[in-house]
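There are 2 protein chains.
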Amino acid sequence: MSEHVTICEVGPRDGLQMAKGRMPTEVKTRWIAALAAAGLPQIEVGSFVPARVIPQLADTAEIVRRAVLLPGVTIQALAPNLRGAQGAYEAGAHRISIPVSVSLGHSRANLNRTPDEQVAEVGRMVAWLRAQPRHVPVEAACSTAFGCSIDGAVAQSEVVRIAAALAEAGVDDISLADTVGYGNPAMIRATVRAVRAAIGPALKALHLHDTCGVGIANALAGLDEGIRKFDSALAGLGGCPYAPGASGNIVTEDLVFMLESMGFATGVNLDKLLAARAILREGLPDEEMHGNLAKGGIPRTFRKAA
Amino acid sequence: MSEHVTICEVGPRDGLQMAKGRMPTEVKTRWIAALAAAGLPQIEVGSFVPARVIPQLADTAEIVRRAVLLPGVTIQALAPNLRGAQGAYEAGAHRISIPVSVSLGHSRANLNRTPDEQVAEVGRMVAWLRAQPRHVPVEAACSTAFGCSIDGAVAQSEVVRIAAALAEAGVDDISLADTVGYGNPAMIRATVRAVRAAIGPALKALHLHDTCGVGIANALAGLDEGIRKFDSALAGLGGCPYAPGASGNIVTEDLVFMLESMGFATGVNLDKLLAARAILREGLPDEEMHGNLAKGGIPRTFRKAA
Numbered sequence: 002m003s004e005h006v007t008i009c010e011v012g013p014r015d016g017l018q019m020a021k022g023r024m025p026t027e028v029k030t031r032w033i034a035a036l037a038a039a040g041l042p043q044i045e046v047g048s049f050v051p052a053r054v055i056p057q058l059a060d061t062a063e064i065v066r067r068a069v070l071l072p073g074v075t076i077q078a079l080a081p082n083l084r085g086a087q088g089a090y091e092a093g094a095h096r097i098s099i100p101v102s103v104s105l106g107h108s109r110a111n112l113n114r115t116p117d118e119q120v121a122e123v124g125r126m127v128a129w130l131r132a133q134p135r136h137v138p139v140e141a142a143c144s145t146a147f148g149c150s151i152d153g154a155v156a157q158s159e160v161v162r163i164a165a166a167l168a169e170a171g172v173d174d175i176s177l178a179d180t181v182g183y184g185n186p187a188m189i190r191a192t193v194r195a196v197r198a199a200i201g202p203a204l205k206a207l208h209l210h211d212t213c214g215v216g217i218a219n220a221l222a223g224l225d226e227g228i229r230k231f232d233s234a235l236a237g238l239g240g241c242p243y244a245p246g247a248s249g250n251i252v253t254e255d256l257v258f259m260l261e262s263m264g265f266a267t268g269v270n271l272d273k274l275l276a277a278r279a280i281l282r283e284g285l286p287d288e289e290m291h292g293n294l295a296k297g298g299i300p301r302t303f304r305k306a307a
Numbered sequence: 002m003s004e005h006v007t008i009c010e011v012g013p014r015d016g017l018q019m020a021k022g023r024m025p026t027e028v029k030t031r032w033i034a035a036l037a038a039a040g041l042p043q044i045e046v047g048s049f050v051p052a053r054v055i056p057q058l059a060d061t062a063e064i065v066r067r068a069v070l071l072p073g074v075t076i077q078a079l080a081p082n083l084r085g086a087q088g089a090y091e092a093g094a095h096r097i098s099i100p101v102s103v104s105l106g107h108s109r110a111n112l113n114r115t116p117d118e119q120v121a122e123v124g125r126m127v128a129w130l131r132a133q134p135r136h137v138p139v140e141a142a143c144s145t146a147f148g149c150s151i152d153g154a155v156a157q158s159e160v161v162r163i164a165a166a167l168a169e170a171g172v173d174d175i176s177l178a179d180t181v182g183y184g185n186p187a188m189i190r191a192t193v194r195a196v197r198a199a200i201g202p203a204l205k206a207l208h209l210h211d212t213c214g215v216g217i218a219n220a221l222a223g224l225d226e227g228i229r230k231f232d233s234a235l236a237g238l239g240g241c242p243y244a245p246g247a248s249g250n251i252v253t254e255d256l257v258f259m260l261e262s263m264g265f266a267t268g269v270n271l272d273k274l275l276a277a278r279a280i281l282r283e284g285l286p287d288e289e290m291h292g293n294l295a296k297g298g299i300p301r302t303f304r305k306a307a
């Protein structure tokens with residue numbers, strides 16, 4: 002039995018929110034269905050934020066209502082505050098993710114709150130969700146954990162402090178997010194170790210961007226430290242509003258290739274995953290699509306030992 | 002003092018030989034000078050093969066004669082046989098690299114010899130070079146060490162056998178080449194360990210391609226195993242004649258970013274390195290250029306601790 006690694010596909014949220022175009026709801030629905038059919042165990046399908054803030058995700062409630070009907074996939078929605086969490090719950094989301102910037106500059110720009118104010122908001126969200134009849138797990142993401150395009154370097158001690166505060170607030174899982182993609186493998190390893198020393202197994206996932214071309218190496222560094230859950234996006238969709246031209250999330254196809262080649266089980270069918278790029282292309286004809294595996298195709302040696 | 006990692010820039014050889022266009026000698030000369038001025042310690046500037054085989058490298062002898070005049074950089078040329086080694090020596094190359102395919106199919110297609118016949122040729126080349134007045138170190142590359150697009154999976158035992166035969170033949174350094182880019186970090190680690198167990202410190206370098214998007218993670222895996230020398234190409238130039246559409250070598254800019262961010266010293270000035278892309282673009286206007294760092298620029302946190 003191979004050890005399992007969970008991939009949460011965040012293209013429909015983190016990818017689309019940065020896209021120049023707007024994917025029609027009907028295409029989005031088909032795309033998410035194709036991602037689920039490829040075997041992705043979790044998909045983050047949108048954000049519960051005002052439509053004027055991220056118009057690309059204005060149809061999130063409708064998308065969640067459709068996506069939760071898909072068999073065998075956990076549908077996650079992002080919510081930055083209590084109102085968003087209530088919307089996600091009411092739409093039927095299986096899981097909710099909450100961003101909590103570690104750096105003050107990013108926190109103010111993205112959430113209009115200080116990090117500590119956002120930790121307090123997370124506490125209110127968890128309290129409200131725990132009072133509802135349906136159990137909805139909460140994942141809090143420590144954003145800008147490996148650097149910030151506004152504030153620059155981020156102290157590891159601050160990452161540990163925010164992660165510990167989030168664990169204290171009662172979230173189910175905590176992830177570390179390289180929101181602007183400034184991280185490197187040594188930093189990933191050191192931060193994962195420091196956070197785990199503080200909060201133990203509540204540290205579950207890494208959310209990595211490929212801004213500097215080392216995102217997949219950062220994933221390997223996390224894997225080596227025992228991380229068994231990663232966010233990624235089909236075709237490396239995404240970007241950073243504070244880093245013009247930067248590449249997006251790590252590429253799901255390439256990540257699946259790496260993990261499966263190394264003997265981990267992801268549950269993903271790589272052929273079906275690559276085929277889902279066509280729907281993304283249909284819905285966003287002008288968006289740059291990344292990913293090297295798609296260019297040359299799956300090697301003939303894939304999953305075959307010598 | 003930071004530990005040093007040596008990068009051998011192979012764009013002018015492995016990159017150009019696959020290019021659709023042909024870079025003029027004058028631009029090539031300026032490009033190599035810019036790469037040297039950026040601090041790259043080694044540059045592989047061409048191949049001594051017949052011009053009809055690789056017309057893009059027909060000017061290799063002239064390029065070597067010019068490049069060896071550059072201060073502070075080791076100029077390497079590829080030679081597949083004794084005649085090529087004689088040409089490289091006569092042009093003044095500082096180092097010679099010799100490809101030796103581990104897989105029979107690639108060896109026949111690329112060298113028109115079996116692997117063992119090529120090992121014997123390496124022996125003749127080393128003998129000839131050792132008899133010359135000027136000392137020219139030889140690096141032999143075990144090509145297709147991590148898979149072959151013609152033969153499929155390559156047995157690790159064959160990699161070890163060829164590496165041991167090359168060590169026996171008296172080459173100075175041995176590298177393992179993921180010629181078609183099918184490797185993964187687990188395979189890199191296992192093969193590096195097995196080869197090192199057989200030949201010890203003669204195993205010096207990894208030559209990696211980014212066909213499946215995990216080339217930089219493969220470099221990290223090699224780094225973790227103690228490898229301190231890597232081939233790479235500016236803008237990830239290159240490709241594989243047997244894998245249409247596949248990406249090229251790992252990207253020098255991204256590799257430098259990773260290594261320097263992790264505290265290793267490469268001697269490379271990243272700003273100057275990125276600037277050298279403009280000359281590449283001038284010389285090959287239609288070639289696809291890879292590399293994420295160049296898109297978003299060097300992060301403000303680079304080389305600055307929190």
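Protein chains in written order, with my numbering: chain A, 2 to 307; chain B, 2 to 307. We put the CB at the ideal spot given by N, CA and C, even for glycine. Bear in mind the structure is a predicted one, so any value in this text is a computation, not a measurement.
TODO: Measure the CB-CB distance between V252 (chain A) and G292 (chain A) and report whether it falls below 8 Å.
DONE: yes
TODO: Flag K296 (chain A) as yes if its beta-carbon sits less than 8 Å from any beta-carbon of chain D, otherwise no.
DONE: This model lacks chain D altogether, as its protein chains are A and B.
Open item on the list: Just to confirm before moving on: does the CB-CB distance between A165 (chain A) and S144 (chain A) stay below 8 Å?
Closed with: Contact: no.
Open item on the list: In the DSSP output, which residue or residues are listed as bridge partners for H5 (chain B)?
Closed with: B:A266
Open item on the list: Could you tell me the alpha carbon to alpha carbon distance between A307 (chain A) and D60 (chain B), rounded to whole angstroms?
Closed with: With a pLDDT of 45 at A307 (chain A), under the threshold of 50, the modelled position of this residue cannot be trusted; read the value that follows with caution. In a straight line, the C-alpha of A307 (chain A) is about 39 Å away from that of D60 (chain B).
Task: Member of A:V50, A:L71 and A:I55 whose CA lies at the smallest distance from the CA of A86 (chain A) - done: A:V50
Open item on the list: Need the endpoints of the alpha helix (DSSP H) that L271 (chain B) sits in, please.
Closed with: L271 to A276
TODO: With DSSP as the reference, label M124 (chain A) as helix, strand or coil.
DONE: The sequence given here places Gly at residue 124 (chain A); Met does not occur at that position. G124 (chain A): helix per DSSP, three-state reduction.
TODO: Taking only beta-carbon positions, decide if M290 (chain B) is within less than 8 Å of chain A.
DONE: No, M290 (chain B) lies away from the interface with chain A (no Cβ there is under 8 Å from its Cβ).
Task: Whole runs of the beta strand (DSSP E) within the segment 42-90 of chain A, excluding any shorter than 3 residues - done: 43-48 and 75-79
TODO: Using DSSP bridges, identify the partner residues of C149 (chain B).
DONE: B:G153
Task: Residue from B:I97, B:L274, B:M188 and B:A218 whose Cα sits closest to the Cα of F303 (chain A) - done: B:M188
Open item on the list: With three or more C-beta pairs closer than 8 Å as the rule, is the segment 92-106 of chain B touching the segment 63-80 of chain B?
Closed with: Note that the segment 63-80 of chain B touches the segment 92-106 of chain B; at least 3 beta-carbon pairs, one per stretch, sit closer than 8 Å.
- [ ] Determine which residues of the segment 259-278 of chain B have a Cβ less than 7 Å from any Cβ of chain A, and write them out in chain order.
- [x] M259, S262, M263 and G264
Task: Coarse secondary structure for P25 (chain A), derived from DSSP in three states - done: coil
Open item on the list: Between D255 (chain A) and chain B, is the shortest Cβ-Cβ distance under 8 Å, so that the two count as touching?
Closed with: Taking Cβ atoms only, chain B reaches closer than 8 Å to D255 (chain A), which makes this a yes.
- [ ] Could you tell me whether the Cβ atoms of L221 (chain A) and W32 (chain A) are closer together than 8 Å?
- [x] no
Open item on the list: Relative to the C-alpha of L58 (chain B), which candidate in B:G106, B:T26, B:A121 and B:S98 has its C-alpha closest?
Closed with: B:T26
Open item on the list: Using a Cβ-Cβ distance cut-off of 8 Å, determine whether L221 (chain A) contacts chain B.
Closed with: yes
TODO: Spell out a yes or no on whether the segment 130-137 of chain B and the segment 60-76 of chain B are touching, meaning 3 or more CB-CB pairs, one atom from each, closer than 8 Å.
DONE: Judged by Cβ distances under 8 Å, the segment 130-137 of chain B makes no contact with the segment 60-76 of chain B, as fewer than three pairs qualify.
Task: L167 (chain B) in three-state terms, based on DSSP - done: helix
Open item on the list: Can you tell me whether I99 (chain B) is helix, strand or coil according to DSSP?
Closed with: Reduced to three states, the DSSP call for I99 (chain B) is strand.
Open item on the list: Measuring CB atoms only, is the segment 276-290 of chain A touching the segment 213-220 of chain A, in the sense that at least three cross pairs come out at less than 8 Å?
Closed with: no
- [ ] With DSSP collapsed to three states, give me the class of A20 (chain B).
- [x] Coil at A20 (chain B), not helix or strand.
TODO: Pull up the distance between the alpha-carbon of I163 (chain B) and that of P100 (chain B), whole angstroms please.
DONE: 12 Å
Task: is_contact[A307 (chain A), chain B] using C-beta, thresh 8 Å - done: Here the model assigns A307 (chain A) a pLDDT of 45, short of 50, so the residue's position is not dependable and the matter cannot be decided.
Open item on the list: Along the segment 178-193 of chain B, where does the CB come closer than 9 Å to a CB of chain A? Name the residues.
Closed with: V181, G182, Y183, G184, N185, P186, A187 and M188
Task: Candidates B:V139, B:L274 and B:G148, of which the one nearest A206 (chain B) by Cα - done: B:V139
Task: Per DSSP, cross-strand counterpart(s) of L177 (chain A) - done: A:C143 and A:L207
- [ ] Can you grab the Cα-Cα spacing for the pair R53 (chain B) / Q18 (chain B), in whole Å?
- [x] Their Cα atoms are separated by approximately 12 Å.
Task: Secondary structure of E288 (chain B), DSSP reduced to three states - done: coil
Task: CA-to-CA distance, F258 (chain B) to E4 (chain B), given in whole angstroms - done: 15 Å
Task: Strand pairing of N250 (chain A), partner residues [DSSP] - done: A:H210
Open item on the list: Using DSSP's beta-bridge definition, name the partner residues of D232 (chain A).
Closed with: A:C9 and A:H208
Open item on the list: By the 9 Å beta-carbon criterion, what residues does the segment 199-230 of chain A contribute toward chain B?
Closed with: D211, T212, C213, G214, V215, G216, I217, A218, N219, A220, L221, A222, L224 and D225
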